[in-house]
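In UniProt numbering, the protein residues as written are 1 to 151.
Backbone N, C-alpha and C define an ideal beta-carbon position, used for all residues, glycine too.
This one's a predicted model, so the numbers in the text were calculated from it and none came from an experiment.
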């Protein structure tokens, strides 16, 4: 597998996105030596804060392969994936990812996600985003209902 070839394509996608007014992020997803998705960060065109290149690539690959299971897919990203993208890769089964530009490379440009990774290491009760349990009175059985439908 030619990592350099796919990484160059991810970086070129990112450069094209910069030229189109977007952020410098591109992604290429590969399975068995075949590209299954190419994507760029689309936050600027969609106003969707989750439209990162990696997320868009995962969406495209899942659609193209008709499965949410992306085991065996390799992610090539122009920049170090943020915690959201990392979690999505983990969740869908991607177990290998390569990036061209590190958080350290991005830091002077405001492109580092190191602070988000640090926040994610904190206990939910002690973080900036506060999570609160609030199950409605009398609510029960949601997960059991789902499990029963799976049988």
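Cβ neighbours of residue i in the same chain (closer than 7 angstroms, five flanking residues each side left out)
i	result
residue 103	80, 112, 113 and 114
residue 51	41, 42 and 43
residue 116	82 and 83
Residue interval of the alpha helix (DSSP H) (run including residue i)
i	result
residue 86	83–92
residue 26	From DSSP, residue 26 is part of no alpha helix (DSSP H) but of the beta strand (DSSP E) over 26–31.
residue 130	Segment: none, residue 130 is in no alpha helix (DSSP H) and carries neither H nor E.
residue 2	Per DSSP, residue 2 belongs to no alpha helix (DSSP H) and is neither H nor E.
residue 57	53–65
Under 8 angstroms between C-beta atoms of residue i and residue j
i	j	result
residue 28	residue 61	no
residue 110	residue 119	no
residue 78	residue 20	no
residue 6	residue 76	yes
residue 85	residue 54	yes
DSSP bridge partner residues for residue i (one or two, in chain order)
i	result
residue 101	79
Closest by C-alpha distance to residue i, when choosing among the options
i	options	result
residue 72	97, 137, 12 and 25	97
residue 105	8, 16, 24 and 94	24
residue 4	83, 32 and 100	100
residue 132	124, 138 and 139	124
Spatial neighbours of residue i in its chain, beta-carbon cut-off 6 angstroms, leaving aside the 5 residues before and after
i	result
residue 57	27, 29, 37 and 39
Same chain, Cβ closer than 8 angstroms to residue i, neighbours up to 5 away in sequence not counted
i	result
residue 159	Lying before the first or after the last residue shown, residue 159 is absent from the chain, which here runs from 1 to 151.
residue 12	26
residue 64	36 and 37
Start-to-end residues for the beta strand (DSSP E) that takes in residue i
i	result
residue 38	34–40
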